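**Q**
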Amino acid sequence: MTRRPRPKIVTLTDAAAARVQEIMTQGGKPYLRVGVVNGGCAGMEYALDYAEAPEAFDELVEDKGVRILVKADAVMFLLGSVIDYETTRLASRFVFRNPNQTDACGCGESVTIEPAKLES
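Residue 49 is where the sequence shown starts when you use my numbering, and the numbers rise one by one after that.
(1) Based on DSSP bridge pairs, tell me the residues matched to GLU110.
(2) Less than 8 angstroms between the CB atoms is what I'm expecting for VAL82 and VAL114, so what's the real figure, rounded?
(3) Only counting runs of 3 or more residues, tell me where the beta strand (DSSP E) segments fall wholly within the stretch 115 to 149, in order along the chain.
(4) Quick one: what's got a C-beta closer than 6 angstroms to TYR79's C-beta in the same chain, skipping five residues either side?
(5) Under DSSP, the beta strand (DSSP E) around GLU93 begins and ends at which residues?
(6) What number of angstroms, rounded off, separates the C-alpha of GLN69 from the C-alpha of ARG51?
(7) Please check the pair SER129 and VAL58, which I expect to be a contact at CB under 8 angstroms, by giving their CB distance rounded to whole angstroms.
(8) With a cut-off of 8 angstroms on the beta carbons, I'd call VAL143 and ASP132 a contact; round off their distance for me.
(9) Helix, strand or coil, according to DSSP, for ILE57 in the structure here?
(10) Under 6 angstroms Cβ to Cβ from ALA65, same chain only, skipping five residues before and after it: list those, please.
(11) Could you say which of PRO147, ARG141, ASN148 lies nearest to ARG67 if we only look at CA atoms?
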């Protein structure tokens with residue numbers, strides 16, 4: 049029996065990949081780690097941190113020439129997400145387009161995310 053290909057946890061837009069590449073050449077650590085943490089008025093927040101090395105059970109994602117780590121406890125919350133990088137007149141930031149996100153607070157800093165439902 050042939051196994052179904054594993055879906056990518058996250059993908060990056062061209063803008064996000066270019067920004068990750070730029071900040072990684074300026075930073076002192078080789079990885080960018082993506083995750084979610086409890087907090088904010090909607091319950092969760094997306095988190096981006098520099099990392100020296102993968103932690104146990106981190107998932108390595110390679111997309112558009114960059115490599116990022118996804119924290120193990122965030123995989124089910126981020127499955128299928130697209131990470132973009134947007135610049136407006138007032139801010140520049142990474143933006144998550146997450147199919148598992150069900151709500152967000154008014155300021156956009158915190159979100160409600162349900163774990164992805166996997167098909168059998």
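For glycine and all other residues, C-beta sits at the position ideal for the given N, C-alpha and C. Just so it is clear, the structure is predicted and the values come from calculations on it, not from any experiment.
**A** So, from the listed chains and residues:
(1) Answer by DSSP bridge pairing, in chain order: ARG115.
(2) Contact doesn't hold; Cβ gap of about 12 angstroms is too wide.
(3) As far as the stretch 115 to 149 is concerned, its whole beta strand (DSSP E) runs of at least 3 residues are 129 to 135, 140 to 145.
(4) Here the set comprises ALA99, LEU117.
(5) Here the beta strand (DSSP E) through GLU93 covers 92 to 99.
(6) Using only the alpha carbons, I get a separation of about 33 angstroms.
(7) Contact annotation, SER129 with VAL58: C-beta distance approximately 5 angstroms; criterion of less than 8 angstroms satisfied.
(8) The beta-carbon distance between VAL143 and ASP132, rounded to whole angstroms, is 5 angstroms. This is short enough to meet the 8 angstroms contact definition.
(9) If DSSP states are grouped into helix, strand and coil, ILE57 belongs with coil.
(10) Excluding the 5 residues flanking it on each side, ALA65 has same chain C-beta neighbours closer than 6 angstroms at LYS112, VAL114, in chain order.
(11) For ARG67, the closest C-alpha among the options PRO147, ARG141, ASN148 is that of ARG141.
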